[in-house]
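At position 114 of the sequence shown the residue is numbered 125 (the working numbering), and the sequence of numbers has no breaks.
Yeah, the Cβ is synthetic: ideal placement off N, Cα and C, and Gly gets one too.
Notes follow once the structure below has been shown.
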Amino acid sequence: QVQLVESGGGLVQAGGSLRLSCTASGSLSSVNVMGWYRQAPGKQRELVAAASSGGNTNYADSVKGRFTISRDNVKNTVYLQMNSLKPEDTAVYYCNYARGSRTFWGQGTQVTVSS
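Right, here's the structure in full:
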């Protein structure tokens, strides 16, 4: 099993910034993908950004140029720097860890952007 502990959510005004952190522990693999998904009320969960242990990154079109994903492989931690936040970024953000065919999820952290 893999445990994921998230932090950094909160309430911010439009145009502001937040940084999310997620640390993985447990049965980890040196080959993995860590990322962030989000789910707004009444909507499906969607990928925000992901970063592989090999250094590749992937972003949703809606956050390109505003969000940056990074990771510290020594600390098994992934970060999501969110700038120029918009009200439509409001959602519960979930950390994700994938290794092989297994996927693990964090509990989620609320991000609310007020207009």
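Quick check on the DSSP output: what are the complete beta strand (DSSP E) runs of length 3 or more inside the stretch 28 to 99, in order along the chain? 29 to 37, 44 to 50, 57 to 63, 68 to 70, 78 to 83 and 88 to 93
Top-ranked residue by Cα proximity to residue 116, from 58, 105, 126 and 122: Taking the sequence shown and counting its residues from 1, one reaches residue 116 at position 105. Of the listed residues, the one whose Cα sits closest to residue 116 is 105.
With distance defined between alpha-carbon atoms, name the residue in 66, 102, 42 and 39 nearest to residue 31. Here the question's residue 31 lines up with position 20 in the sequence shown. Looking at the Cα atoms, 102 is the closest of the given residues.
What residues are listed by DSSP as bridge partners for residue 102? Taking the first residue of the sequence shown as 1, we reach residue 102 at position 91. According to DSSP, residue 102 bridges with 122.
Spell out the partners DSSP gives residue 3 in its beta bridges. Residue numbering for the chain in the displayed model covers 12 to 126; residue 3 lies beyond these limits and cannot be assessed.
According to DSSP, is residue 12 helix, strand or coil? Here the question's residue 12 lines up with position 1 in the sequence shown. In the structure shown, residue 12 sits in coil (DSSP, three-state: anything other than H, G, I, E or B).
Alpha carbon to alpha carbon, what distance is there between residue 121 and residue 87? Along the sequence shown, read from residue 1 onward, the residue named residue 87 stands at position 76. Along the sequence shown, read from residue 1 onward, the residue named residue 121 stands at position 110. Taking the straight line from one Cα to the other gives about 22 Å.
Residue 82: buried (16+ other C-beta within 10 angstroms of its C-beta) or exposed? As a first step, residue 82 must be located in the sequence shown, where it is residue number 71. Residue 82 is buried by the Cβ-count criterion.
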